[in-house]
Structure formats: structure tokens, C-alpha cells
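Chains as they are written, first to last, in our numbering: chain A, 49 to 273; chain B, 49 to 273; chain C, 48 to 343; chain D, 48 to 343. What follows is a single structure, written as C-alpha cells, with notes after it.
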Amino acid sequence: MIRFENVSKVYDPNIVGLKDVSVQIERGEFAFLVGHSGSGKSTFIRLLLKEFEPTKGSITVAGRNLGRMRRAAVPHHRRNIGCVFQDFKLLPNRSVAENVAYSLRVTGQPPRSIRRKVPEILQLVGLGEKMSNLPDELSAGEQQRVSVARAFVNHPSLLVADEPTGNLDPDTSVGIMQLLYRINRTGTTVLMATHDREMVDKMRKRVIALEEGSVIRDEDKGLYR
Amino acid sequence: MIRFENVSKVYDPNIVGLKDVSVQIERGEFAFLVGHSGSGKSTFIRLLLKEFEPTKGSITVAGRNLGRMRRAAVPHHRRNIGCVFQDFKLLPNRSVAENVAYSLRVTGQPPRSIRRKVPEILQLVGLGEKMSNLPDELSAGEQQRVSVARAFVNHPSLLVADEPTGNLDPDTSVGIMQLLYRINRTGTTVLMATHDREMVDKMRKRVIALEEGSVIRDEDKGLYR
Amino acid sequence: MKFRFFVGEAVDSLVRNWVMSVAAIVTVLVSMFVLGIGAFIFVNLQNATSGVRSKLEIEVFIRNTASPDQISQLGDQIKAMPEVRSVNFVSKEEAMNRLRESMKGHEDVLDALSGNPLPPSYEIYLKDPSQIDGVAGRFYNNPIVDNDTGTHNGVRTGGETTDRVLQVTHYILIGGAGFVALLAVASILLISNTIRLSIFARRREVEIMRLVGATNWFIRWPFIMEGVFTGLVGATGAMVLFLLVQNFFVDKIINEMPFLGADTVPTFWLLLFIIIGGGLLGSLGSGLALRRFLKI
Amino acid sequence: MKFRFFVGEAVDSLVRNWVMSVAAIVTVLVSMFVLGIGAFIFVNLQNATSGVRSKLEIEVFIRNTASPDQISQLGDQIKAMPEVRSVNFVSKEEAMNRLRESMKGHEDVLDALSGNPLPPSYEIYLKDPSQIDGVAGRFYNNPIVDNDTGTHNGVRTGGETTDRVLQVTHYILIGGAGFVALLAVASILLISNTIRLSIFARRREVEIMRLVGATNWFIRWPFIMEGVFTGLVGATGAMVLFLLVQNFFVDKIINEMPFLGADTVPTFWLLLFIIIGGGLLGSLGSGLALRRFLKI
Ligand SMILES: Nc1ncnc2c1ncn2[C@@H]1O[C@H](COP(=O)(O)OP(=O)(O)OP(=O)(O)O)[C@@H](O)[C@H]1O
Ligand SMILES: Nc1ncnc2c1ncn2[C@@H]1O[C@H](COP(=O)(O)OP(=O)(O)OP(=O)(O)O)[C@@H](O)[C@H]1O
Ligand SMILES: [Mg+2]
Ligand SMILES: [Mg+2]
């Protein structure tokens, strides 16, 4: 599903984001990405989305080489990846429901199915009553859950989550994790960057640990440390 | 230092932020504010800063009643509170150093002492090498640490932190917590909203638990749950 | 379906970002109103000066020896010239009457004359005064025209005055046209500037849209339609203002000075102007702005 | 100290938000340039039309019976009138010469005259042509003026033509002044609009500043200075453009038509205009915008 081959990313002027990373994640896997603050987790995820190009190396997602992907194909590529962003990236002027609906709209789904799916998924993350609020009117944790809902709603074949529980209390975190787990069980590949030691240790899934841009550990059924 | 008397905050149209909260925090105390996502922690902190007015009740900070405070006195009030915001609130067009310097500048500190203090504090949070980067060029955890540095740099008599470790790995979180602890030991009152169960359980400080806007628990040397 | 969605998006966005919408609409309105008033003044200036210019004439004096046939033949020739707007024949008697009148109270001078020495003449008014020299030249060598040998003093044109009035009006009109063109360019600049600014302010929004898989056109269409609406609303406002000014102010002037021949602009043309001008400006403005902020 | 900090902040912000700065500067530049050109055209229109208007005159014909003393006394009276710009005495001989010239080729008619029946006259040019009737009226009952009994045909004014030219230039000037005023208002609107937009786009930044304890004036000053700089830079650009146009274009016209008496605007006044206009506009623009977005 995901293959990084000797990928490096150096930001201007000379800041290392990733350093010679080679990782392969199979279809249907569940993997944690851990590491200190600034170790390159978000860089890894942003490269997957083709937000920018790697300085070196090649990235393949769902069998397609991102380096050779045409510009016009990028939106389609992104639709197949559900992404929970670390800073939520909600459209500030749209209601919660419209934010979630937007990622269905871009795929050209009919309004009727949009009207059905959006409340469903928002109920699932516990925001059934905040559907018509603007993002600004939500607590940080609620915004994070909107971002989670938006990433799920398309039933993407790859789900990437950048610290999706950073602003959530332990109970709500567990709820979201269960959701991710269920989604993974239906065949969706899940990659999750996290600092939540408790969670990682409990789940016992694959753990990829980054340190200053390099993979320092990659073990199945691993622990946070 | 902080006194909430029967404070309620109802957002438009009819969303309860806080409900009849009475809490007193003494000078020099260290208190955790915990609760589910959306339970009112950020509302509590924003009321302290006089970002908006409570719907009912009165708030006193450092002996001054916020309801009766003149508009012109609000900036001064805010300078005496160091605040780590949940969404960081960094000025997007200024470098890290300038962001931290700004809260010194508003107090009219001379440029020389600004040039001395800013690198010092950034070193302390582990960002000595990112001083001239823009916030956009930092990882989320690094941005959070800038926000922490900015809150400290003024040596305020009250330090309020809204989830200051949400985007930090456990090691870095411990570092920040030690910093908060040290600051508290010098006499600064510290109020910290958090979801970090491990941290709260380890520190054994006062814990104020909110649930749907009400205080449901308030105990010294408490646990997260 | 999709079209309706885009229109809905555009309207929503106009309402949500009303501060910026209002700013853009005000810019369109003000620019187009100024442009409209400028063009209006220019057109009416043209009318007024063409009134002045039509007074400029060529006088062709005819030899006393010419026969009536020759005279009327010359008249027909003149009438056949495409540059000529109207011709007026001044007979010997008419000429004497005019002289008599102009001498006011001293007509006795003329009574002393033996007969009428004044020649008959044609007064020629042209469609375009700038052609005076060309037309006048055709009479220089005509045998029945009362030229002294070697000169063509039998053909008189407005001369210096003509030239001067002509030049003044000419340059006023060139200046006016240049100024109106300048206004048009300025309007386009200012409007696209404002739309660009309001899209720039939302570049993060655009970035988020891209990240959740929206194609460029999916993002662009609502912005373009927003631009079109902005343009239409602004232009409509400009039209309403313009009609108000025309009714309350210009009509009054026209009544006072019918000779100015001021044209009021018909509503139909205004409407056309609005739909084409406003819509085009708005869509071009957003189109250009998007090209810059919508890379990839 | 503080002042330097604010200036630094303003400059930094101009550079950091260069897209918005450029937009604002372009708006100031375009608006002021258009306004300047408009005012320039207007002033020169005034000159040109006043040239036409100065040709309008009053002729006062004097009885042949008047003594030279009476004539020169009348001349002094006329010169003493405050409305009069200049007076020109036309003697009997001069009058005959003019008639002779105007009769072209038929001077023999005049040779038949016994003596010179033409009266001497004063040609009076006024400062303000609209006072023609008032001034002319003063000669209606003057005994040495060559009026027939019961009329005042010894006093001639431009009459209809005068009225018409007067009215046309009058309304052109009123229209021009109105239009220039409109341009000025439009400029102010557009500029404050743009500055407001660019501050609106940074309202979150302002909010953050407030939250870390900045006073209103601490936030405002850099914005105001930014507005002042924007205004100054834009106005300077407008001046440079204007001088270029003046040199390459207007000077040419002036050379071709010196009679237009076109004034070039001296650089000193332009500079003053820029400092006052640009700076004021910019600071007012940001001041107004801030009032809206800087509550508390
Ligand atoms: N746009 C950028 N320009 C320059 N440097 C950048 C940029 N984005 C990230 N970096 C740097 O690259 C490194 C890796 O950043 P990244 O965001 O991938 O970290 P992370 O593992 O997600 O950290 P966190 O847990 O704090 O979110 C950091 O040192 C960061 O400062
Ligand atoms: N501006 C607003 N308008 C309307 N409702 C709001 C607004 N801000 C907050 N709320 C609501 O008030 C409640 C309390 O929000 P608050 O931000 O205080 O929660 P929190 O405890 O900080 O949550 P989190 O842990 O997720 O940050 C939530 O239900 C939220 O949706
Ligand atoms: Mg990250
Ligand atoms: Mg919160």
C-alpha cells in the first residue's frame, strides 16, 4: 500500500525532515508512527499526500509512484487517502456538517447520499448536536473529531491520522481508537502518528519509530518504547 | 489569586460552556483542570483572560474584579497572566524569536533585555536552533513549545496553560512539566488544563474536574480519575 | 446539479465573507460609476463641441461674370460632395443686405454706391470640419470663383479661428477619450486588485480544499461565480446611481440648455453594459487572482 | 525608541504581507494618478475656455459729435470699472481700415465715400464674461454714446453667441469640477476600502496581539504607519507617472498649441500634494479600518 524507498526530505535552508527512510506498509495493516517532537512524523504524512516532493527517494502509494504522478491526478490520489490533520485544517467559514460534506462533494457524490452519510459519521464521533456550528465554536477536541469524521466519511482505502487524539481526554481517545480499529478490520490500511504511549502499548500493533528523520525501530506488535 | 463565584457561561444560541462554577485558587498553588472534551476547560481559561464576559457570576483575578475592570486596564491584566493557548496562537508572519519577543515588547521592556531573554527561554524549551524560523516551518510540538516559551518569558504571577503537552511526546512533556513545576516553586500560580492522565497521576497536585460545565470534583493531591 | 452547487457555494461565500464581498462590490460600484459618468460627460462634450464646430464654414465668392447656369451648376457640384452637410446660396442682394446690417446706422455710405459691387457666394457647412482645407482646395482653380490672379482669395475659410476652435475641441476630445480609456484601465486594475486581495485572504481555505482532494476547477468555479456576482451587483448599483444622477441632475441641465443636445443614456444600453462589463470584470478579476494563488 | 519600533514593525509588515501591500499601493497609485490627471485636465480646460471667453467683448460706439476730451474721459471711466480687464480704443481711421479689410477686393466701394462716416469705439474686455449685461447697461444712457433715440444700439455685446459660449463653458467647468470632486471621493473610498480589506485579512493576528496584552495603540500605531507608508509610496508612484505623462505627452501638446496656455504643475506642489494627500489618506484609511476591527 505504502512504499518509501530511501526517502529524504530536507527543508530550506538545511533542516532535515526525513533522512533515508525506507518503509513498506502492506494493505490492511495498522501501523503507529512514533517519535519525539520534530522527528519527522508529519513530514512522512505530508509526503504521502504529495503536499510537497521528497528531496531524494521514491514514494509509492497504492501502486502509484508519486514522483511520476501527473498534476491532474493529485486530487484523485488525495481522495483515496483519508487524512486527520494535526492542526485539523477545517474550513473556518463552514459549519461542521459542511466541512465533512465537502470531502464527499469533491468526489461528486449525489446530495442525497451526502445528507445521509454526514449526520451518521458525526454521530459516530459524538458531535451529533454540533452539526451546524462553525469550527470556531467548538472546543479543540471537538474540532479534532470533526477532522476525524471528515477523514472517515469517504471510506478511503488508506487512512492516515496525524496525532488524532492529541486534544482528547483518555475516554474519548479510546472511542476514536476503537473506531480506527473497526475501520482497519474492514480492510482499510491505517497509519497513525501518535504520542499516546498508553494507547500504543495497549494496541500492540506495528510501531515505526522515527528519530531526527531516521527510522530507528520498526517492529510488529511493538511498544511505544 | 483566582476566584470564580457562581460563574456561568452560555454560548449562543444555548450551549453551556460553564455552569455555576465556584472555585478559588490561592497564590502559589498548582492546579490541574481536567474533564472530557467539551467540558468547559478552555472556557474557564478564556474567562480568566477576559476574552469574553461570563453570562452570570463574578470573577476575581489577583484581587481585581474582571466585571468591573475598565477596558483600558485589560491589556495590563493580560500581561500579568502568561497563557499557553490550546491552538498556540502564534503570529504567523513573525519568526519564533519575534513571537516570544512580542509579549516582552508590549510591556515596554528595553530592546537589550529582550535580546537577552528571548534566546534564553527558547533554549530552555529546546528550540535554540529554530529561533529565526516562521511558525509554519515548525512541527506542531515545536509550535506548542514556542507558545509555552512566550507565556513564561514575562515571569507572570499567574501562568495558565491550556493543554500545553497535547502535541508533545512523553519525554518532551516531562521536560515541560518540570519547567512548570520549577516555575511554580518560585511562587508563580499555575493552572493547567490537561488530558495527560499519566502526568496528573504522577504530580499529585490539586485536580479540578469539570463535566458539562460543572465542577464535579476538586481535590488536593488528586488523580486524573 | 454541479452548476447549482457551485452557484450555491458562491452565494454562501459572498454572505459568509461579507466584509470582503462588500469591499469588492464597493470597488466595482465606485469604479464603474466613475467610469460611466466620465464616459457620459465625454459623449456630451462631443455633442456640445460638434455644435460649435458646425458653425465653421467655407465661403466661395463667385465672379460677377458667371452665368446663373454656371452658378447653379456649381451649387449642384457642391451638394454632391460627400463631405458637405449643407450649402447656402447668398445672392448679391443678400450680401448687400448683410453688409448694410453690419454697418448699422451708416447705410448712407452704401447708398452712395453705383449698383451692387458685392459678389454672390456659397456658404458651405461640412460634416467634419477637419476636411475644410481639402474641400476649399477644390475651388481654388475654378474659373467662376472670384479669385484674383495667382491667389485664391475668392475662397474663404474660418481661418485662424476655425483652426483654433478645431484644435481646442480636437484636443479636448482626444484628452477626454484618453481620460476615459485611463478610467477604464484603472477600473479593471482596481477591481481585479480587490478581488485578488479577497482571494488572497482566503488562501488557507483554498489550501485545505486542495488537501482534501478538490480539483482545481472544483475550487475555481465558485470563486469565478462569486466574482461574476460581485461584478453584477456592483455594476447594478453603479447603474442605479447613474440613473439617479441622470434624472435629478442632468435632465435639469438639458432642460436649461437644450442646445447642448445632451443625450441621456437609454436603460437598455446600460443593462447591456452592466451584464457584459460587470460580469466580465468580475470573472476576469477572480480568474486572474486564482491563477496566482492556485498553483498545483 | 517606541517610535522606531513602530516604524520597524510597519516596514516589516509591509514586506511580510507584500501581496496586500502591493495591492494597497496599486490602489493608492491608480486612484491618485487618475485624480491628478483629472484635476490637470480640468485646470487646463479652465485655461482654454477662459481664452475663448476673453474674446467676448463689449463695443461702445461714440457719437461723431463727441469731443476728444469726452472720449478720453469715457476711456478713463471704463478703465476704472473693476469688472474691466482691458480696453481698446478704435479710432475712426482704425474702424475704416477694418471695414476696408473685411470688404476684400471691393475697397472701391469705400473710396466712393465722402469722408469717414464710421464712429470711433471702445472695445471692452471683461474679467468675468457673465457681467457683460451689467457693464453694457452703464452706457445705455450715456449722451456721447451713439444710440439712436429710444434704443441702445450704440452698445453692442457678443449677444447670443456670448451667452451660448458662456453657458457651455460654464457647464463644462461645473461638470468638470463635479467630476474631479467625484474622483476625489471615489479615491478616498477605494483606498480606505483596500486598506480595510488588508487589515481585515489580518484580524486574527490582531486578536492574538490583544490576547498577549498589547494595548490598542500598541497595535494601532504600526498599522497607521503602514497606512502612511502605503499612501506615500503610492502617491510617489502616482507623481512619477504623472510627471512622465506631463513630459512626454502634455509638453508636446503645449508646444503645438501654445494658445491653450496649458500649465504644467510644478514639482513643489506635487510634492506637497503627495505628502499631505498620500499620508493623510493612508493614515485615515487604516485609522477607519482599525476602528472597526479593533474593538476592546
Ligand atoms: N516548512 C518547513 N520548513 C522548515 N522546516 C520544517 C518545515 N516543516 C517542518 N520542519 C522541520 O522538520 C522537522 C520535522 O517536522 P515534523 O513536522 O515532521 O515533525 P513531527 O514529528 O510531526 O513533530 P510533532 O510531533 O511535534 O508534530 C522539524 O524539525 C521541523 O522544524
Ligand atoms: N464560541 C463558541 N460558541 C458556541 N459554543 C462554544 C464556543 N466555544 C465553545 N463552545 C462550546 O462550549 C463547550 C465547552 O467548550 P470548551 O472549549 O470550554 O471545552 P474544553 O473543555 O476546552 O474541551 P477540549 O478538551 O476539547 O479543548 C463545548 O461544547 C463547545 O462546543
Ligand atoms: Mg507533527
Ligand atoms: Mg479546550
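The beta carbon of each residue, even a glycine, is placed where N, CA and C say it ideally should be. Every value quoted in this text rests on a predicted model; they were computed, and no experiment measured them.
Residues of chain A whose Cβ lies closer than 9 angstroms to the Cβ of residue 84(B) are, in chain order, 189, 216, 217, 219 and 220. Annotated three-state conformation of residue 260(B) is coil, per DSSP. At least 7 angstroms separates the beta-carbon of residue 316(D) from that of residue 53(D). In the structure shown, the three-state DSSP call for residue 57(A) is strand. The beta carbons of residue 238(C) and residue 328(C) sit closer together than 7 angstroms. Counted as a single uninterrupted DSSP element, the beta strand (DSSP E) harbouring residue 172(D) occupies residues 168-173. Within the chosen limit of 6 angstroms, ligand 4 does not reach the beta carbon of residue 195(A) with any heavy atom. Residues of chain A whose Cβ lies closer than 8 angstroms to the Cβ of residue 252(C) are, in chain order, 139, 140 and 141.
Remark: the shortest separation between the CB of residue 262(B) and any heavy atom of ligand 2 does not fall under 6 angstroms. Taken atom to atom, the span from the alpha-carbon of residue 209(A) to that of residue 111(B) is near 45 angstroms. Taking C-beta atoms as the reference points, residue 72(D) and residue 139(B) fail to come closer than 7 angstroms. Among the residues facing chain D, residue 247(C) is included, as its CB has a counterpart in that chain under 7 angstroms away. Not a single heavy atom of ligand 2 lies less than 6 angstroms from the C-beta of residue 318(D). Apart from sequence neighbours up to five positions away, no residue of its chain approaches residue 273(B) with a beta-carbon distance below 6 angstroms. The beta carbon of residue 262(A) does not come within 7 angstroms of any beta carbon belonging to chain B, so the residue lies off that interface. Boundaries of the alpha helix (DSSP H) around residue 254(C): 250-258. Assignment of residue 67(B) by DSSP, reduced to helix, strand and coil, places it in the strand class. Near ligand 2, meaning a Cβ closer than 5 angstroms to any of its heavy atoms, lie the following residues in chain order: 185(A), 186(A), 187(A), 188(A), 189(A), 59(B), 63(B), 65(B), 85(B), 86(B), 87(B), 88(B), 89(B), 90(B) and 91(B).
For residue 206(A), the uninterrupted beta strand (DSSP E) run begins and ends at 206-210, by DSSP. Residue 147(A) is positioned such that its CB atom lies no closer than 7 angstroms to that of residue 189(A). At a cut-off of 7 angstroms between C-beta atoms, residue 154(A) counts as an interface residue with respect to chain C.
Using a Cβ distance threshold of 7 angstroms, residue 199(B) and residue 130(B) count as a contacting pair. Between the alpha carbons of residue 142(B) and residue 153(A) lies a gap of roughly 36 angstroms. Looking from the CA of residue 203(B), the closest CA among 64(B), 269(B) and 166(B) belongs to 166(B). A residue is called buried once 16 or more other Cβ atoms fall within 10 Å of its Cβ, and residue 238(A) is buried on that count. Your pair residue 257(B) and residue 69(B) does not check out as a contact, with CB atoms roughly 12 angstroms apart and the cut at 8 angstroms. Just so you know, the alpha carbons of residue 108(C) and residue 116(C) end up roughly 16 angstroms apart.
Residue pairing of residue 239(A) in beta bridges, as defined by DSSP: 79(A) and 208(A). Contacts between residue 73(D) and chain C, judged by CB atoms closer than 9 angstroms, involve 236, 237 and 240 in chain order.
DSSP, read as helix, strand or coil, puts residue 202(A) in coil.
DSSP, read as helix, strand or coil, puts residue 85(C) in helix. Cβ neighbours of residue 61(D) within its own chain (closer than 8 angstroms, five residues either side excluded): 68, 273, 276 and 277.
For residue 134(B), the chain A residues whose Cβ falls inside 8 angstroms of its Cβ are 188 and 215, in order along the chain. Residue 138(D) sits in coil when the DSSP states are folded into three classes, being neither helix nor strand.
Proximity of the beta carbon of residue 134(B) to ligand 3 is not indicated: no heavy atom of the ligand is located closer than 6 angstroms.
Annotated as proximal: residue 242(D) and residue 336(D), with beta-carbon spacing under 7 angstroms.
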